[in-house]
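The sequence shown begins at -15 in my numbering and counts up by one. For reference, the structure discussed in these notes is given below.
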Amino acid sequence: MSSVILLRTKSQHTIKVNVSVLAVHEERTDSGKFIVAIDEGQMNSFTERADFPENLYQRMVGEIQDFAIVFLNETGDIQTWNAGAQAIKGYNADEVIGRNFSIFYTEEERAAGLPFELLQKAKINGFVKHEGWRVRKSGERFWGNVVISAIHNSDGKLIGFAKVTSDATVRKSAETDRLRYIESLESRALEMRQLAYIASHDLQEPLRTMKNFITRLQPKDSIIQDEDSLTYLNIISLSVDRMQQLVNAILEYAVLGFGRVLTKIDCNLLLDEVKQDLSDLICNAGADLNIGPLPVLKGYVVELRQLFQNLIENALKFRRADIACKISVGAYRDKDSWVFYIKDNGLGIDSIYREKIFYLFQRVPNRGKYSGTGIGLAYCKKIIELHGGRIWVESEVGEGSVFYVLVPDL
């Protein structure tokens, strides 16, 4: 950013100065430093005043501590050295002036010709940015964030390069730790998916065997004819069916989001498809499903479809018997996210259960007469967490519920 400012000297003279201010920020932080560049012609015009310190610009750059700022000649030999360069690289000025800047690069990078390549790119493009491991005087490596800018004289001839380096080792270390943690989480998740698949497969086999023998005992020509025995067989059969549903649900939960693909989704079309799939349930419930204008966003289409279907199915399932079922779906913008809402006039949820219902097999008491595995809202929670968002509910018993789903921009 450039601007003209007024400066008052010690002798009370007022002068106009063209000043450029460059904010230099470390990545992933809000902190920053400022480099002030004063127009060279104006610098010469007013530094001649008796009350102006000599070599102000050189002194200013020379005393900057957090950035290594050096001037290189056309071949990359070091011409100047500041306090920041000494602090970061460990050399005194008399140890490096006249030496080539390639001494700060690893042997592998020197052999590959990286220092020369960077100078050529800066010469052609005006500047070049690069990050990589650099070497201090002690031999210790640090992660350098480097900008090299070509410097020209008034005739446009290249006279050298300005090289600014910051030590980004702390940030690099944090990024490496974060990536390792993510890799460990992904590895554990894969192990859990494999474990869930194996466990569900091993559980399915004895359940199928039980179901097979129960089926053989149930026909009319079976040796079992008394009413009590047939009732017990029927209860066992229903229990086996439910166990199979739970095993399948656990397997589906474990692999949820595996192999997902981020795509652009028109939520209007997505909800139309969900509404069509649930048309029989909506008709049988005599429900009025109203879907308002919805956004187009990036997300995981299969998972989002499952989320909306689960929430609408719940609204249909837990409806009141004394009034017509009404369900509304809409969305609104909240900063850098979209918030969807699914509102119903159903049974409602007591406040003590509003957090528990989003965990596996947690169901509201006294709802045993409703079919289900108690895993549907846990699905929804996991799906929205895959998107980096969150889900919550506001509800009053007997008044209905509003489920909110926040989906951040991806």
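Just so you know, even glycine gets a beta-carbon here, dropped at the ideal spot from N, CA and C.
In the structure shown, residue 225 falls within a helical segment according to DSSP collapsed to helix, strand and coil.
Per DSSP, residue 91 is one residue of the alpha helix (DSSP H) stretching across 91 to 95. Taking C-beta atoms under 8 Å as the contact rule, residue 254 and residue 297 fail to qualify, at a distance of about 15 Å. For residue 99, the uninterrupted alpha helix (DSSP H) segment begins and ends at 98 to 109. With a cutoff of 8 Å on beta-carbon distance, residue 120 and residue 73 are scored as near each other.
Taking C-beta atoms as the reference points, residue 391 and residue 281 count as a pair closer than 8 Å. By the Cβ rule, the region 325 to 333 counts as touching the region 380 to 387, because three or more pairs are nearer than 8 Å. The way I'd put it, the region 44 to 51 does touch the region 59 to 70; three or more beta-carbon pairs between them come closer than 8 Å. Of the candidates 131, 76, 250, the residue whose Cα lies closest to the Cα of residue 122 is 76. DSSP places residue 320 in the coil class of the three-state scheme, outside both helix and strand.
In the DSSP secondary-structure assignment, residue 125 is bridged to 119. Selection 359, 138, 307 evaluated against residue 272 yields 307 as nearest (Cα-Cα). Rounded to the nearest whole angstrom, the C-alpha separation of residue 231 and residue 371 is 26 Å. Excluding its 5 nearest sequence neighbours in each direction, residue 327 has C-beta neighbours in its own chain below 6 Å: 312, 386, listed in chain order.
Per DSSP, the continuous beta strand (DSSP E) segment holding residue 380 begins and ends at 374 to 380. Taken through DSSP and simplified to helix, strand or coil, residue 329 comes out as coil. Following the DSSP letters along the chain, one finds residue 250 inside the beta strand (DSSP E) bounded by residues 246 to 250. Within the model, the alpha-carbon separation for residue 85 versus residue 93 is close to 12 Å.
For residue 151, the enclosing beta strand (DSSP E) has its first and last residue at 142 to 151. Beta-bridge annotation (DSSP): residue 69 is not paired with any residue. If you ignore the 5 residues before and after residue 286, its C-beta comes within less than 8 Å of the C-beta of 244, all in its own chain and listed in chain order. Within its own chain, the residues whose Cβ lies closer than 6 Å to the Cβ of residue 113, once the five positions on either side in sequence are excluded, are 131, listed in chain order. Residue 75 carries a coil assignment under DSSP once its states are collapsed to helix, strand and coil. CA-to-CA, the gap between residue 342 and residue 376 works out to about 9 Å. Beta-carbon to beta-carbon, residue 133 and residue 106 are separated by about 6 Å, close enough to satisfy the 8 Å threshold.
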